[in-house]
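*Asks:* Chains A and B, in that order, are what the protein sequence lines are.
The letter at position 171 of the first sequence is residue 180 when you use my numbering, and the numbering goes up by one with no holes.
The letter at position 73 of the second sequence is residue 83 when you use my numbering, and the numbering goes up by one with no holes.
Where a beta carbon is used, it is the ideal one built from N, C-alpha and C, also for glycine.
One structure, as structure tokens, below. Some questions next.
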Amino acid sequence: MSRRRISLRQELPLLVWLVLVWGALWQDFSPGNLLFGALLAVLVARMFYLPPVELSGRFNVLHAVPFALQFLAKVVAASIDVMYLAAVRGPKVISAVVAVKLRSHQDLMVTATGHVISLIPGSLVVEVDRSTSTLYLHALNINTPDEVEKLRQEVRAIEAGLIRIMGTPEELETIRQEAAA
Amino acid sequence: MNPEASLVDNIIDTTSAVFMVVGALMSLAAAVGLLRFPDLLSRMHAATKPQVLGLFLLLASIGLQMRTWWVWPVLLVAWIFQLLTVPVSAHMVGRAGYRTKHLHRELLSSDELEAVVQKAAQSARDEGADAGRPD
Chain A
10 MSRRRISLRQ ELPLLVWLVL VWGALWQDFS PGNLLFGALL AVLVARMFYL PPVELSGRFN
70 VLHAVPFALQ FLAKVVAASI DVMYLAAVRG PKVISAVVAV KLRSHQDLMV TATGHVISLI
130 PGSLVVEVDR STSTLYLHAL NINTPDEVEK LRQEVRAIEA GLIRIMGTPE ELETIRQEAA
190 A
Chain B
11 MNPEASLVDN IIDTTSAVFM VVGALMSLAA AVGLLRFPDL LSRMHAATKP QVLGLFLLLA
71 SIGLQMRTWW VWPVLLVAWI FQLLTVPVSA HMVGRAGYRT KHLHRELLSS DELEAVVQKA
131 AQSARDEGAD AGRPD
């Protein structure tokens, strides 16, 4: 069991998150409670060791806030859409399984994109091909090849948004080049 | 109702009432979808997704009614855990459903996974045949 130790800096977001959960669950953000939470967080992170999540080291809040709002708006719009489909179309709804090839090969990025896509009603990840970072999505109410293409564009746009928030500099460069082209 | 309810109280009450009704409607939509959609994969959409918004609205109305900021972090954590777990469960059930062929092919306008699965199955068969062949 010789695993690569990860630096404290890389582990810090996880520890901060654990402390925040601890504080939230106790509904007590007093220094003493947080300190004890931090102690427990370090202990948990040491004892129940998981493969480190490879963060890119950058996080852009300026892109994150609009992205979150856009995400909420999409969830609302798509929820109403699915509600309408359930009530009106019901058993006759046509769907599709669509392959979307992502730019990023980072596990974290593929997972994050899959999560965002799955959370927006009307699409869910059926299968992931990790070697080519391809997501296979099942999407409701997709009748024509045009709509398939539109969905693919949308997923790639969501990935681009996530890369702008927390992608590696190389991925960011790819996005910039695509935008320029 | 408190006779001295101020305008702010009224606004908060109205907002949380609207949130609660819409949130409950989302759960209803999930139930309707579960009944009416034709196959497992499309039912998963109804079963897992609308309540992300429904839960958000209900938690927000709880937060508005409690009027203490201590409760917001708990609600936020509850919602974030929902956000983290819902896609995973939807994916696991959907994946198992697809693999065990619990889907109506005639209701798919395109299936870009099928060819990949066929190819993988074919190469697995070829490998199996190679391994099993006596020299």
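#1: Contact criterion: CB-CB distance below 7 Å. Does Met10(A) meet it with respect to chain B?
#2: Residues in the segment 108-124 of chain B with C-beta within 7 Å of chain A's C-beta atoms, listed in sequence order?
#3: List, in order along the chain, the chain B residues whose C-beta lies closer than 7 Å to that of Pro130(A)?
#4: So His101(B) is in the alpha helix (DSSP H); what residue range does that whole segment cover?
#5: With 7 Å set as the bound, which would you pick, yes or no: does the beta-carbon of Ala96(A) sit closer than that to a beta-carbon of chain B?
#6: Take Leu59(A) and list the residues in its own chain whose beta-carbon comes closer than 6 Å to its own, dropping the five residues that flank it on each side.
#7: For a contact defined as C-beta to C-beta under 7 Å, what are the partners of Gly43(B) on chain A?
#8: Along the chain, where does the alpha helix (DSSP H) containing Lys110(A) start, and where does it finish?
#9: Under 7 Å between the Cβ atoms of Trp60(B) and Ser88(A)?
#10: Return the chain-ordered ranges of every beta strand (DSSP E) run that is complete within the segment 112-187 of chain A and spans a minimum of 3 residues.
#11: Counting pairs of beta carbons, one from the segment 182-189 of chain A and one from the segment 95-102 of chain A, are three or more of them closer than 8 Å?
#12: Within 10 Å of its beta-carbon, does Met56(A) have 16 or more other beta-carbons around it, so buried, or fewer, so exposed?
#13: Is the Cβ-Cβ distance between Ser132(A) and Ala108(A) less than 7 Å?
#14: Whole angstroms are fine: how far does the CA of Gln79(A) sit from the CA of Met175(A)?
#15: Contact criterion: CB-CB distance below 7 Å. Does Trp80(B) meet it with respect to chain A?
#16: Give a yes or no on whether the minimum CB-CB distance between Gly33(B) and chain A is below 7 Å.
#17: Going along chain B, which residues have a C-beta under 8 Å from Gln115(A)?
#18: Anyone know if the C-beta pair for Ile22(B) and Leu74(B) falls short of 7 Å?
#19: Mind checking whether Gly64(B) and Ala56(B) have CB atoms under 7 Å apart?
#20: Tell me which residues share the same chain as Gly32(A) and place their Cβ nearer than 8 Å to its Cβ, disregarding the 5 neighbours each side in the sequence.
#21: In whole angstroms, give me the CA-to-CA distance for Ser133(B) and His72(A).
#22: With DSSP run on the structure shown, which of helix, strand or coil describes Asp49(B)?
*Replies:* Quick answer:
#1: Any reading at Met10(A) is ruled out, since the residue's pLDDT is 41, under 50, leaving its predicted position unreliable.
#2: Tyr108, Leu117, Leu118, Ser119, Ser120, Asp121, Glu122, Leu123
#3: Here the neighbours are His55, Lys59, Pro60.
#4: 81-109
#5: yes
#6: If we look at Leu59(A) and ignore the five residues flanking it on each side, it has no Cβ neighbours.
#7: Val91, Ala95
#8: Where Lys110(A) is concerned, there is no enclosing alpha helix (DSSP H), although the beta strand (DSSP E) it sits in stretches over 104-110.
#9: Strictly speaking, residue 60(B) in this sequence is Pro, with Trp absent from that position. Yes, these two residues count as a Cβ contact at 7 Å.
#10: 132-138, 143-148
#11: Segment contact: the segment 182-189 of chain A against the segment 95-102 of chain A, fewer than three CB-CB distances shorter than 8 Å; contact not assigned.
#12: A residue is called buried when at least 16 other Cβ atoms come within 10 angstroms of its Cβ; Met56(A) does not meet this threshold and is exposed.
#13: no
#14: Approximately 17 Å between the Cα atoms of the pair.
#15: yes
#16: no
#17: Per Cβ cutoff of 8 Å: no residues; Gln115(A) is ~17 Å from chain B at best.
#18: yes
#19: no
#20: Cβ neighbours of Gly32(A) beyond the five flanking positions: Phe38, Asn42, Leu43, Gly46.
#21: 44 Å
#22: coil
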